[in-house]
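Since the structure comes first, as C-alpha cells, the remarks are kept for the end.
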Amino acid sequence: MMKVELSHTRATSELHRAKEWLPLWSYEHIRLNYKAFSLLCLYAEVMGELSPQENLHDEHGDFDDTMEGLFRVLSNAVVHLEGRASQKQCDPWSELSIFLGKLLIEQGVFPIRDNCVFCDKVLNTQGALTLVTDHGGFSCGECAEHLVEERGREHLSGLQEGRELWEILGSVANQRYQELGALKIENPEVVHTLLHYFYYQFHFQAHQFKSLKMIL
Ligand SMILES: [Zn+2]
Numbered sequence: 007m008m009k010v011e012l013s014h015t016r017a018t019s020e021l022h023r024a025k026e027w028l029p030l031w032s033y034e035h036i037r038l039n040y041k042a043f044s045l046l047c048l049y050a051e052v053m054g055e056l057s058p059q060e061n062l063h064d065e066h067g068d069f070d071d072t073m074e075g076l077f078r079v080l081s082n083a084v085v086h087l088e089g090r091a092s093q094k095q096c097d098p099w100s101e102l103s104i105f106l107g108k109l110l111i112e113q114g115v116f117p118i119r120d121n122c123v124f125c126d127k128v129l130n131t132q133g134a135l136t137l138v139t140d141h142g143g144f145s146c147g148e149c150a151e152h153l154v155e156e157r158g159r160e161h162l163s164g165l166q167e168g169r170e171l172w173e174i175l176g177s178v179a180n181q182r183y184q185e186l187g188a189l190k191i192e193n194p195e196v197v198h199t200l201l202h203y204f205y206y207q208f209h210f211q212a213h214q215f216k217s218l219k220m221i222l
C-alpha cells in the first residue's frame, strides 16, 4: 500500500505523474501462497470493475468521498488475507465470502436477512431458508415453495445452502473484518450462490473475473 502525491499535468494529458510516493504497508505472506495471491488478484479485478474512472482534471475531485468505502473494504480484505496466510490458515472460500459480504454491505445491497422478503415472517426461527436473488433477500421455506411452483428455481438457492448462507452472512454483518476468523463453509454451493447474488446486483458476468478459476 502506497501513498502517492500526483503532480499537476496539462489539461489535455491523460498521463498521471507521481511526484512523491511513500510505502505505508506491504504484505509478506500472500506472495508465498498461491490461493491467497489469486484472491488478491481477484479483489483487484472486482475493485477495478466497481471503481469509477478517475479524472485528474476534476477540480472538485478532492471533495468526492464515494471511493472511501471501497478503499476501506479492500484495505481490510488485504490485511485479513495477510493475517490468515501468515498463520497458514487461508481458506479461499471463507476469505471470498467475507470479502463479498463486506462489499455488499458497503454498497448498500446486502441481502435482507431479518424477515422473509414476501410474507415478512421473522427468519431466525425458521429452519429452511432460500436466498431469492432477484428480490434482494431471504425467503421462508413456505414462500419459496410457492415461488418454485410459479416460476421454477431461477435465482433461487437450495433450502440447505440458503440456511447456511444466512448464518454465514450473519457473522459477516455482525463482526468487524479483523475479528472474523475462518467461516465454516460446509457446502461449496454457498459460495457460488453468493457469487451469483453479487453478479446480479452489479450486472456482472462470471467471465469478467479471470482470477476466480484459480480460487474455486
Ligand atoms: Zn415467507
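Going letter by letter, the sequence shown gives residues 7 to 222 in my numbering. Just so it is clear, CB atoms sit at the ideal spot from N, CA and C, and this is done for glycine as well.
Rounded C-alpha distance that separates residue i from residue j
i: residue 75; j: residue 112; result: 6 Å
i: residue 110; j: residue 221; result: 20 Å
i: residue 196; j: residue 169; result: 9 Å
i: residue 209; j: residue 16; result: 35 Å
i: residue 39; j: residue 186; result: 20 Å
i: residue 116; j: residue 35; result: 31 Å
i: residue 48; j: residue 102; result: 9 Å
i: residue 84; j: residue 167; result: 27 Å
i: residue 174; j: residue 189; result: 7 Å
i: residue 57; j: residue 216; result: 18 Å
i: residue 130; j: residue 21; result: 53 Å
i: residue 19; j: residue 73; result: 23 Å
i: residue 10; j: residue 82; result: 19 Å
i: residue 88; j: residue 181; result: 18 Å
i: residue 152; j: residue 193; result: 25 Å
i: residue 77; j: residue 183; result: 13 Å
i: residue 159; j: residue 201; result: 17 Å
i: residue 59; j: residue 31; result: 25 Å
i: residue 154; j: residue 114; result: 27 Å
i: residue 90; j: residue 123; result: 35 Å
i: residue 86; j: residue 94; result: 12 Å
i: residue 33; j: residue 157; result: 48 Å
One or two residues paired with residue i in a DSSP bridge
i: residue 118; result: 143
i: residue 9; result: 28
i: residue 138; result: 143 and 162
i: residue 128; result: 121
Residue from the options whose Cα sits closest to the Cα of residue i
i: residue 144; options: 176, 31, 157 and 217; result: 176
i: residue 218; options: 42, 25 and 35; result: 42
i: residue 29; options: 108, 92 and 8; result: 8
i: residue 140; options: 162, 152, 128 and 156; result: 162
i: residue 179; options: 119, 205 and 11; result: 119
i: residue 53; options: 138, 108 and 32; result: 108
i: residue 214; options: 51, 21 and 31; result: 51
i: residue 203; options: 152, 106 and 77; result: 106
i: residue 172; options: 157, 114, 159 and 142; result: 142
i: residue 211; options: 31, 55 and 114; result: 55
i: residue 199; options: 59, 94 and 136; result: 136
Neighbourhood of residue i by C-beta distance below 7 Å, restricted to the same chain and skipping five residues each side
i: residue 37; result: 43
i: residue 98; result: 41, 45 and 221
i: residue 80; result: 49 and 53
i: residue 121; result: 127, 128 and 129
i: residue 164; result: 195
Own chain, CB closer than 6 Å to residue i, minus 5 neighbours either side, in chain order
i: residue 125; result: 149
i: residue 13; result: 23 and 25
i: residue 206; result: 139
i: residue 92; result: 35
i: residue 27; result: 8 and 10
Residues near residue i by beta carbon distance below 8 Å, same chain, minus five either side
i: residue 191; result: 97, 99, 100, 103, 170, 174 and 197
i: residue 133; result: 147 and 169
> Going along the chain, which unbroken runs of the alpha helix (DSSP H) with 4 or more residues stay wholly within the region 149–211?
Replying inline: Unbroken alpha helix (DSSP H) stretches of 4 residues or longer found wholly inside the region 149–211: 165–180 and 195–208, given in chain order.
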